[in-house]
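Q: First the structure, which I've put down as structure tokens, then a few questions once you've had a look.
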Amino acid sequence: MKSTTPPHSSPGGSFHRAFSANFLGEAPDWYKLTIAAFLIANPILLYATSPFVTGWVLIGQFIFTLAMALKCYPLQPGGLLAIEAVLLGMTSSESVFHEVNENIQVILLLMFMVAGIYFMKSLLLYVFTKLLINVRSKTTLSLLFCGVSAILSAFLDALTVTAVLIAVAVGFYAVYHKVASNRQAHPEHDHSKDDHVVEYHRSDLDQFRAFLRSLIMHGAVGTALGGVCTLVGEPQNLLIAEKAGWDFVQFFINMTPVTMPAFVAGLMTCFLLEKIKICGYGAKLPDAVRKELAHFASEQERKRTRRDVVELWVQGVVAVILVLSLAFHVAEVGIIGLMVIVLLTSFNGIIQEARIGHAFEEALPFTALLVVFFAIVAVIHEQHLFEPVTHFVLSLEPEQQPGMLFLANGVLSMISDNVFVATVYINEVKTALNAGDITREHFDKLAIAINTGTNLPSVATPNGQAAFLFLLTSALAPLIRLSYGRMVIMALPYTIVLTIVAFFCVVYAL
Numbered sequence: 024m025k026s027t028t029p030p031h032s033s034p035g036g037s038f039h040r041a042f043s044a045n046f047l048g049e050a051p052d053w054y055k056l057t058i059a060a061f062l063i064a065n066p067i068l069l070y071a072t073s074p075f076v077t078g079w080v081l082i083g084q085f086i087f088t089l090a091m092a093l094k095c096y097p098l099q100p101g102g103l104l105a106i107e108a109v110l111l112g113m114t115s116s117e118s119v120f121h122e123v124n125e126n127i128q129v130i131l132l133l134m135f136m137v138a139g140i141y142f143m144k145s146l147l148l149y150v151f152t153k154l155l156i157n158v159r160s161k162t163t164l165s166l167l168f169c170g171v172s173a174i175l176s177a178f179l180d181a182l183t184v185t186a187v188l189i190a191v192a193v194g195f196y197a198v199y200h201k202v203a204s205n206r207q208a209h210p211e212h213d214h215s216k217d218d219h220v221v222e223y224h225r226s227d228l229d230q231f232r233a234f235l236r237s238l239i240m241h242g243a244v245g246t247a248l249g250g251v252c253t254l255v256g257e258p259q260n261l262l263i264a265e266k267a268g269w270d271f272v273q274f275f276i277n278m279t280p281v282t283m284p285a286f287v288a289g290l291m292t293c294f295l296l297e298k299i300k301i302c303g304y305g306a307k308l309p310d311a312v313r314k315e316l317a318h319f320a321s322e323q324e325r326k327r328t329r330r331d332v333v334e335l336w337v338q339g340v341v342a343v344i345l346v347l348s349l350a351f352h353v354a355e356v357g358i359i360g361l362m363v364i365v366l367l368t369s370f371n372g373i374i375q376e377a378r379i380g381h382a383f384e385e386a387l388p389f390t391a392l393l394v395v396f397f398a399i400v401a402v403i404h405e406q407h408l409f410e411p412v413t414h415f416v417l418s419l420e421p422e423q424q425p426g427m428l429f430l431a432n433g434v435l436s437m438i439s440d441n442v443f444v445a446t447v448y449i450n451e452v453k454t455a456l457n458a459g460d461i462t463r464e465h466f467d468k469l470a471i472a473i474n475t476g477t478n479l480p481s482v483a484t485p486n487g488q489a490a491f492l493f494l495l496t497s498a499l500a501p502l503i504r505l506s507y508g509r510m511v512i513m514a515l516p517y518t519i520v521l522t523i524v525a526f527f528c529v530v531y532a533l
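The opening residue of the sequence shown carries number 24 in this note's numbering; numbering runs sequentially from there.
Right, dumping it as structure tokens:
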């Protein structure tokens, strides 16, 4: 039979349809059209207005890609916007490289520390399963997650602690999802799909998702509460401490008038949210899920061999080494993470390249996204998008500056990289100090305002904190239905309380 397919066309349809299907893959058509409209509109807007206006529009577009992370991973659409910004001359490849170079510690942390935590998941799942089964009060459990995350973040860093929370939650979810799908005999069960979920278990699964969402958000906010306290808690803290000449103890003491009231207010907010059950909090662990987790724990105990016990002990020893290494800052966090990988794989018999490669699957897509984010930050820097705010704040009366600087840093950190925002402002006030425009005492107050401003109000949005962005784009987020909008709503009570408490402390306690 002679073919009726027209020449130069594919059997699957026209090239136009094929290109449309390939562009951003399985993303909805309306989303594809929106991104295409952004890419077409930006050159026109740049020609019709100015780079300053187009820069702010570009920030809004990038935030949109983050907000729609469950429709399409932001790396592709965000990357297209970043490439276009470079082609339009709104920044340069050299500036992007400079931003990446300035944040190499964060990139190394993501590449190696998150992978290191992957090899510690047996110990983490063991410890947190015991905690989940034995602590029956959801309020107590929430306070534990928030408080422990805060303490760990003060001595480790927020991204490392978030990686721990993600690993634990995915482990819990995978255990029950296998039961809900009646697939206990399938070791390769895909817990990202609900195709096999039995209708009888569906309501318990949904409630379990809500339970995990609230615990993870309490823990994520806890990383901000602890991360603000010490110079190793967040990358910008180290920068601020360096400019101010503060050591570990000095930094902690100087921040205490703001950070300690904020920490107490954060725990009180956690307690109240679980009691009044608003903004997505208050869901309890279903009895059926608790029973299955308890059964899983007992089965694991029964099956545990001597090699498994030794593996747990090795992970425990390496965990102690990790905490001490980070607390005493013996090396950059990413290098310590690489040490963790070497120790855990060496002493637990993981020598195959394929098994090691799995550990990097979670972090590397986010690392790539973060580099794209730094390209947007380069646009902010090149086009001086924050300069009007900077000039306004530093033109105020000295007694008004700490409070306004706190708010300015908070608002800008909600939409940009808080490391970049802190860098801009600490350099400005350091220049003012060197020029003799402000006293050393006033500089210290402004440095405290910058640190707390970039760390606390920025919990408002996932793009405000790297740990929140990591959580949003992790494998866990789609499993527990944690979208950008839901994160913003769940963070809202914390944002309001922490911003108000910290602002009054900055204004009246410094």
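Heads up, the beta-carbon is just placed ideally off N, CA and C, and yes, glycines get one too. Since the structure is predicted, the reported quantities are computational estimates derived from the model, not experimental observations.
Can you give me the C-alpha to C-alpha distance between L521 and A285, rounded to a whole angstrom?
A: Approximately 6 Å between the Cα atoms of the pair.
Q: The alpha helix (DSSP H) with K144 in it runs from where to where?
A: From DSSP, the alpha helix (DSSP H) with K144 extends over K144 to N157.
Q: Between the alpha carbons of N260 and A64, how many angstroms are there, rounded?
A: Distance between the alpha carbons of N260 and A64 is about 38 Å.
Q: Please classify N5 as buried or exposed, where buried requires at least 16 neighbouring CB atoms within 10 angstroms.
A: The question about residue 5 has no answer, for the chain in this structure spans 24 to 533.
Q: Locate the alpha helix (DSSP H) running through W79, then write down its first and last residues.
A: It spans P74 to A90 - the alpha helix (DSSP H) in which W79 sits, taken as one unbroken run.
Q: Using the rule of at least 16 other Cβ atoms within 10 Å of the residue's Cβ for burial, across every protein chain shown, is V281 buried or exposed?
A: Its Cβ being crowded by 16 or more others within 10 Å, V281 is buried.
Q: Let's see if you can read the secondary structure: which residues bound the alpha helix (DSSP H) around N486?
A: Premise fails: N486 is in no alpha helix (DSSP H) and is neither H nor E.
Q: Compute the Euclidean distance between the alpha carbons of T114 and S73, then round it to the nearest angstrom.
A: One C-alpha to the other measures close to 14 Å.
Q: Within 10 angstroms of its Cβ, does K161 collect 16 or more other Cβ (buried), or is it exposed?
A: Under this definition K161 is a buried residue.
Q: Would you call S26 buried or exposed, if buried means 16 or more other Cβ atoms sit within 10 Å of its Cβ?
A: The pLDDT assigned to S26 is 45, lower than 50, so where the model puts this residue is not dependable; a value taken from the coordinates is nonetheless given after this. Exposed, since its Cβ has fewer than 16 Cβ neighbours within 10 Å.
Q: Between which residues of its own chain and A350 is the CB-CB distance below 6 Å, once the five residues before and five after are set aside?
A: Contacts found: F178.
Q: Below 8 Å on the Cβ atoms is my contact criterion, and I expect L417 with Q424 to pass it. Report the Cβ-Cβ distance as a whole number of Å.
A: Yes, L417 and Q424 are in contact; Cβ-Cβ is about 7 Å, under 8 Å.
Q: What would DSSP say about R504, mapped onto helix, strand or coil?
A: Residue state, collapsed to three classes: coil.
Q: Sorted by chain position, which residues of the same chain lie with C-beta nearer than 7 Å to P29's C-beta, five sequence neighbours on each side aside?
A: The predicted model places P29 with a pLDDT of 47, which falls under 50 and marks its position as unreliable, so this point remains unresolved.
Q: Does the contact criterion of 3 or more C-beta pairs under 8 Å hold for the stretch 489 to 498 versus the stretch 285 to 302?
A: No, they do not touch.
Q: Within the continuous alpha helix (DSSP H) that includes A427, where are the two ends?
A: Looking at the sequence provided, one finds Met at residue 427 rather than Ala. Note, M427: alpha helix (DSSP H), Q424 to I438.
Q: Between which residues of its own chain and E315 is the CB-CB distance below 8 Å, once the five residues before and five after are set aside?
A: V198, Y199 and V202, listed in sequence order.
Q: Mind the definition here: the stretch 370 to 381 touches the stretch 394 to 401 only if three or more C-beta pairs lie below 8 Å; say whether that holds.
A: In short, these stretches do not touch, since the Cβ pair count stays below three.
Q: Going by alpha carbons, who is nearest to R236 out of F195, S176 and A105?
A: Closest option to R236, Cα to Cα, is F195.
Q: Does the beta-carbon distance from M136 to L182 come in below 8 Å?
A: Contact flag set, yes.
Q: Return the Cβ separation of F142 and L367 in integer angstroms, given the expectation that the two are a contact with Cβ distance under 8 Å.
A: Their Cβ separation, rounded to whole angstroms, is 4 Å, which keeps F142 and L367 in contact under 8 Å.
Q: Could you work out which residue in N371, N277, P51 and L111 is closest to A92 when comparing CA atoms only?
A: If we check each option's Cα against that of A92, P51 comes out closest.
Q: Out of A247, V171 and I359, state which residue places its alpha-carbon closest to the alpha-carbon of T484.
A: Measuring from the Cα of T484, the nearest candidate turns out to be A247.
Q: Of the choices I374, E257 and Y149, whose alpha-carbon is the least far from that of W336?
A: Of the candidates I374, E257 and Y149, the one whose C-alpha sits nearest the C-alpha of W336 is Y149.
Q: Report yes if the CB atom of I449 is closer than 8 Å to the CB atom of K266, and no otherwise.
A: Yes.
Q: Look at the alpha carbon of I86 and the alpha carbon of E322, and state the distance between them as a whole number of angstroms.
A: Taking the straight line joining both Cα atoms gives about 45 Å.
Q: Under three-state DSSP, which class holds A514?
A: It is helical.
Q: Just the Cα atoms here: how many angstroms apart are V251 and L479?
A: About 7 Å.
Q: Roughly how many angstroms lie between the CA atoms of N441 and L238, to the nearest whole one?
A: Those two C-alpha atoms are separated by around 24 Å.
Q: Can you name the start and end residues of the alpha helix (DSSP H) that V251 belongs to?
A: Taken as a continuous stretch (DSSP letters only), V251 belongs to no alpha helix (DSSP H), as it is neither H nor E.
Q: Decide if H318 is buried, meaning its Cβ has at least 16 other Cβ atoms within 10 Å, or exposed.
A: Exposed is the call here.
Q: Since L131 and I358 should fall inside the 8 Å C-beta cutoff, what is the C-beta to C-beta distance between them, to a whole number of angstroms?
A: Indeed, because the Cβ distance is near 7 Å, the residues count as touching under 8 Å.
Q: Let me check understanding here. Comparing Cα to Cα, which of K307, V400 and V312 lies closest to I106?
A: With distances taken between Cα atoms, I106 lies closest to V400.
Q: Taking C-beta to C-beta, are V158 and L164 nearer than 8 Å?
A: Result yes, Cβ atoms of V158 and L164 sit closer than 8 Å.
Q: Just to confirm, is the Cβ distance from A306 to A233 under 8 Å?
A: Contact: yes.
Q: Whole angstroms are fine: how far does the CA of G102 sit from the CA of N124?
A: Roughly 18 Å separates the two Cα atoms.
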